[in-house]
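Mapping the sequence shown onto UniProt numbering, position 108 (from 1) lands on 108, and the numbers just tick up by one.
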Amino acid sequence: MAQGTARIGRDHYHTHIDLASGHTLVSDEPSVLGGEGAGATPYELVIAGLGACTAITLRMYADLKSWPLESVQVDLHLAREDNAMVIERSLRIFGLDDAQKARLADVAERTPVTLTLKSGIPIRTHLL
Numbered sequence: 001m002a003q004g005t006a007r008i009g010r011d012h013y014h015t016h017i018d019l020a021s022g023h024t025l026v027s028d029e030p031s032v033l034g035g036e037g038a039g040a041t042p043y044e045l046v047i048a049g050l051g052a053c054t055a056i057t058l059r060m061y062a063d064l065k066s067w068p069l070e071s072v073q074v075d076l077h078l079a080r081e082d083n084a085m086v087i088e089r090s091l092r093i094f095g096l097d098d099a100q101k102a103r104l105a106d107v108a109e110r111t112p113v114t115l116t117l118k119s120g121i122p123i124r125t126h127l128l
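Encoded structure:
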């Protein structure tokens, strides 16, 4: 479904991520945490995936329904709340009536990445 490899050398904490699709990403920590700020932080990459999945899914749904969707903006904020992580997601939907916007907000709750994050995902680690 998705595959990638993250590599780090002696740089603090500049990480290259090669994806099976041929795309390359860079992740890093800000200078206040010892990095160089050369790329998105790991948590920024998590919310980026959620934001992209949300926007793409809403575009697909609107296109399927032949709705005149002009644009969708997904604002995300990851924070710690009562010793747990929480993501606040706000949708700005342009070109649709209130009923269509409400339907897309409902669809946003069931995007693939949304469901994965809400349900959790097992991680199996192997030492090679």
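From the three backbone atoms N, C-alpha and C, an ideal C-beta is built for every residue, glycine too.
- Residue range 24 to 27 is occupied by the beta strand (DSSP E) that includes S27.
- Beta-bridge pairing by DSSP links D97 to no other residue.
- The bridge partners DSSP lists for M85 are R80.
- Taking 7 Å as the cut-off, the Cβ atoms of G51 and L76 count as close.
- R59 carries a helical assignment under DSSP once its states are collapsed to helix, strand and coil.
- If you check the CB distance, R92 and Q73 come in under 7 Å.
- Residue pairing for V74: DSSP places it in a beta bridge opposite L91.
- The residue among G120, G39, V32, G35 with its C-alpha nearest the C-alpha of L25 is G39.
- Just measuring C-alpha positions, the residue of Q3, L96, E29, G37 sitting nearest H23 is Q3.
- Burial state of S27 is buried, judged by a 10 Å Cβ sphere holding 16 or more other Cβ atoms.
- Counting other Cβ atoms within 10 Å of its Cβ, K101 reaches 16 or more and is therefore classed as buried.
- Shown here, G49 sits in a helix according to DSSP, grouped into three states.
- The residue from E81, G34, N83, R103 with its alpha-carbon nearest to that of W67 is R103.
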